[in-house]
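Residue numbers (this note's numbering), protein chains in the order written: chain A, 205 to 689; chain B, 205 to 689.
Where is the CB? At the ideal position from N, CA and C, for every residue including glycine.
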């Protein structure tokens, strides 16, 4: 029998009023460090340790019996697998637990004995209707508004991106890399593990109605062997989603599926079925690359935020008219090759429009074509004027190729930056998308320039290709939603 | 009539004994700054300026007549295009010039009048057998051993990589990004422009016998309209190359070819012909992406250097047996998907070998498969032991996925780093290739760790995909050369 969806809201999973960690050890110190960093009320954090009296300044209890209160929203369970079942039985007999995060790894993904352990836990949970569980084999929760995180390196500010990941490490990488690379911020994130109780479909359903969330990223490895209806359910939920779902599957190749079996122990799913699911639902498929997932999330997040800030319904592009602005013939040719292969149009300026551009800038070198090649002009007012005249409703996507500047204090740079801000304002006033292409290499001044652009809300990509592939996802979603510009 | 190859060695182009810049202006200050940075003997640098008496501390002459010496190895010509022809005639009538770098842009790539200017210059040069020219429309030369560069940001140390680029900006990007990202260093680099005299084929022929060069990277846009035999010649030279040539073509799509016409004004070349050329020659084709060119150059350069340092003939892999070492099931699954799609084998450990691995590490979590998933072990001696036992002649390519460490001083990190050095020594003793996969995001500690690894000769890539695609190029070259491991 599959367990019925409980009335208990997942809100208490992400924002637990109190938490019990059983048991804490130096190896899992990161849990406590995460709570400390997020500013969780430590009066509501209870630790059990068989060895320590105090851990990072927090009192430890020796046994479950010493804990003075009777019920917990969240229990983080980190014990050896051979005592896992007994510990669950014991704790549940003594305390009321709403959610259990089973951190313990080496169960269903590891061997037959582990599969049996999972089956037993499932049975125990089925007999305890008020208790739900995530895991085993997962890192658990990150919710800045709930002041809960499992790593101290995660940002304390919240955002509108939710994660449901069947890999703790990818979950951590997603938060860590995207927050540092692009200032991305998150609402409700979960590393869900082997899914012996709470399923991805349930969390999706919940997040679909969560006002804090606009985007849900899923990393999926497979359907749990113990829940035969989850596939059907997942399809139904994906169909009903009114929020953007970016869905990345691991184990897409046969060899990859072999790897899945040693990871979350899920049944591998076939590519052809998934193609059909992606065709039937508004879900956006993401290739097996954490960088692509970050790229797409980043662009979507920025795009959606722009409309939300103006209190407008988000509308997506479907056309692919791109303009490249740069100072380099060679780079422009490579860009043209890449964009053409990806299916972009690169409209040329003609007739009156071209006349106007020539009037603004009677060029002697460079080109008033597309790419718009404007050498020696970037700090000049005419640069902004040309861009404003060139970018109109016929252009959907502007990629401006910038160099890193070594001198960020001089007038030349300041004038250039003013031009960039002017171009951004113009592009956004047309509801179009501007990205800055800035090559990636270790350099202090580049990093400063990058941070400056980041903080001023510019969208940044290290290559034309990555920017363009991300924009294609906007148009893909636009077509699926049919809510287009 | 095409010009005969002159006896004058290109050595004097890259290492000119004296240089005349005609004329210097604030806009082209970077030329002088490049010479200053490289430590060129300023007694041999002559400047002509109609306005300044001194430029960056160097005396300026008012006219060509004021210059006290009669012959120059290199003239850098930077004048308006409408006086270009007259200036060349005047200078050549008064001074002996071995090489002219025509910096002036806006000629053949710009309009019909520009094409005529180029034709006239070609005729003048044909009547002056001792004088050869690069350009117009190019940035010119960078040769650390010749103490010559056109940007002050280029490294002063020399290396074994030569560049021949038909785009000044891509040329600059290649040097700047790859030197900062990977410590790449160069021998003889040239931004060659519209090629009205010296052709790519001539430079390739020269570099093929240049003892300072091991790798030649070419960025090619098209054959010059004025040299009908250059295509045939280029094919012959590419066939005869005994040095690695990494060849990137721009303008491969029809739309890209349109862009070429506004850049170097070259005749666009068809894809099918190029496929045949790449099949018939040992040339390695590079897709239109500066990042891919840098990735490949980086891996090849490291690979070749390793053999050169041991005074051994370079031998390349042809087999594609990869091992991934990591601490993350999810990342391992994505890696497996990517590697399988790229055609790699990921051998599993079996029989005695597996027994041995189990003996070293009786795992409870993680996996002794491939990816080799070793959680909680990275700072432990057993980590090194497992890797040494796992990596044998059956593995060609090892990708070790590392996290950035926040604390680079503690014992845990030091032990980890010792493990990395041990694995590197082991892999290299087998003539195999190890790369470290380190995700890319702004972080001071990550940058320090990256620099540390870079300086210790580790090969670093930001993703499995980029590392794997680069390794494939080694095997492609191995097959072409048939000098394989």
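Cα-Cα, which of B:217, B:610, B:254 is closest to residue 229 of chain B?
Closest in C-alpha terms to residue 229 of chain B, from the list B:217, B:610, B:254, comes B:254.
What in chain B is Cβ-close to residue 542 of chain A, meaning under 8 Å?
Result: 492, 493.
Residues of chain A with CB under 8 Å from residue 370 of chain B, in chain order?
Residues of chain A with a Cβ closer than 8 Å to the Cβ of residue 370 of chain B are, in chain order, 534.
Check distances from the C-beta atoms of the region 373-398 of chain A to those of chain C and list, in chain order, the residues that come in under 7 Å.
Structure shown: chain C not included; protein chains present are A and B.
Only counting the same chain, and skipping five residues up and downstream in sequence, which positions put a Cβ closer than 8 Å to that of residue 308 of chain B?
Take residue 308 of chain B, set aside five residues on each side of it, and the residues of its chain with a beta-carbon closer than 8 Å to its own are 281, 282, 283, 284, 285, 288, 339, 340, 341, in chain order.
Buried/exposed call for residue 440 of chain B, threshold 16 Cβ in 10 Å
The residue is exposed, with fewer than 16 neighbouring Cβ atoms inside 10 Å.
On the DSSP bridge list, what partners appear for residue 527 of chain A?
When DSSP reads this structure, residue 527 of chain A sits in a beta bridge with A:602.
List in chain order: all unbroken alpha helix (DSSP H) runs of 4+ residues lying wholly within the region 539-612 of chain B.
The qualifying runs are 555-564, 585-594.
Output the distance between the C-alpha atoms of residue 300 of chain A and residue 275 of chain A, rounded to the nearest integer angstrom.
Using only the alpha carbons, I get a separation of about 4 Å.
Which chain B residues sit within Cβ distance under 9 Å of residue 644 of chain A?
Within 9 Å Cβ-Cβ: 381, 385, 495, 644, 666.
Which residue marks the beginning of the alpha helix (DSSP H) containing residue 455 of chain A, and which one marks its end?
Careful: residue 455 of chain A lies outside any alpha helix (DSSP H) and carries neither H nor E.
Would you list, in sequence order, the uninterrupted alpha helix (DSSP H) runs of no fewer than 4 residues that lie entirely inside the region 641-682 of chain B?
Segments of the alpha helix (DSSP H) lying fully in the region 641-682 of chain B: 648-659.
Just to confirm my understanding: we take residue 693 of chain A, look at its own chain, exclude 5 residues before and 5 after, and list those with CB closer than 6 Å. What are they?
The displayed coordinates of chain A run from 205 to 689. Any statement about residue 693 of chain A would go beyond what the structure contains.
Sufficient close CB pairs (3 or more, under 8 Å) joining the region 516-527 of chain A to the region 548-556 of chain A
Verdict: yes, contact present.
Under 8 Å between the Cβ atoms of residue 396 of chain B and residue 369 of chain B?
Yes, the pair counts as a contact, with Cβ atoms nearer than the cut-off.
Going by alpha carbons, who is nearest to residue 643 of chain A out of B:336, B:290, B:374, B:277?
Here the closest residue by C-alpha is B:374.
What does residue 651 of chain A reach in chain B if we use C-beta pairs closer than 7 Å?
Here the neighbours are 646.
Kindly indicate if chain B contains any beta-carbon less than 8 Å away from that of residue 309 of chain A.
It does: the Cβ of residue 309 of chain A has a partner Cβ on chain B nearer than 8 Å.
Grouping DSSP H, G and I as helix and E and B as strand, with all else coil, what is residue 472 of chain A?
Residue confidence is low: residue 472 of chain A scores 49 on pLDDT, short of 50, so the model does not pin down where it sits. No coordinate-derived value is stated.
Measuring alpha carbon to alpha carbon, tell me which of A:474, A:654, A:246, A:226 ends up nearest residue 256 of chain A.
Comparing Cα positions, the closest option is A:226.
Count the other CB atoms, across all protein chains shown, that sit within 10 Å of the CB of residue 531 of chain A; report buried if there are 16 or more and exposed otherwise.
Flag for residue 531 of chain A reads buried.
Can the beta-carbon of residue 410 of chain A be found closer than 8 Å to that of residue 379 of chain A?
No; because the gap between Cβ atoms is not below 8 Å, this pair is not in contact.
Under the three-state DSSP convention, the category residue 222 of chain A falls into
Three-state DSSP puts residue 222 of chain A in coil, outside helix and strand.
Are any of the Cβ atoms in chain B nearer than 8 Å to that of residue 654 of chain A?
Among the CB atoms of chain B, one or more fall inside 8 Å of the CB of residue 654 of chain A.
Take residue 557 of chain B and list the residues in its own chain whose beta-carbon comes closer than 7 Å to its own, dropping the five residues that flank it on each side.
No residues qualify anywhere along the chain.
Local conformation of residue 259 of chain A per DSSP, three classes
Three-state result, residue 259 of chain A: strand.
Pairwise C-alpha distance: residue 578 of chain B and residue 481 of chain A:
Looking at the two C-alpha atoms, the distance is approximately 34 Å.
Do you know offhand how far residue 231 of chain B's Cα is from residue 450 of chain B's?
About 33 Å.
Minimum Cβ-Cβ distance from residue 454 of chain B to chain A less than 8 Å
Closer than 8 Å to some Cβ of chain A, the Cβ of residue 454 of chain B qualifies, so yes.
Mark residue 623 of chain A as exposed unless 16 or more other C-beta atoms lie within 10 angstroms of its C-beta, in which case mark it buried.
Under this definition residue 623 of chain A is a buried residue.
Less than 8 Å between CB atoms is the rule here; does residue 314 of chain B satisfy it with respect to chain A?
So, interface residue.
Of all the options A:503, A:429, A:533, which has the alpha carbon lying nearest to the alpha carbon of residue 520 of chain A?
Looking at the Cα atoms, A:503 is the closest of the given residues.
Taking the alpha carbon of residue 399 of chain A as the reference point, which residue from A:684, A:389, A:371 has its own alpha carbon closest?
Ranking A:684, A:389, A:371 by Cα distance to residue 399 of chain A puts A:371 first.
Can you list, in chain order, the residues of its chain whose CB lies under 8 Å from that of residue 678 of chain A, leaving out five sequence neighbours each side?
503, 504, 507, 520, 521, 637.
Determine whether the Cβ of residue 477 of chain B lies closer than 8 Å to any Cβ atom of chain A.
By this cut-off, residue 477 of chain B is not an interface position.
For a contact meaning CB atoms closer than 8 Å, what does residue 488 of chain A contact in chain B?
Listed by position along chain B, the residues whose Cβ is nearer than 8 Å to that of residue 488 of chain A form an empty set, because the closest Cβ is around 17 Å away.
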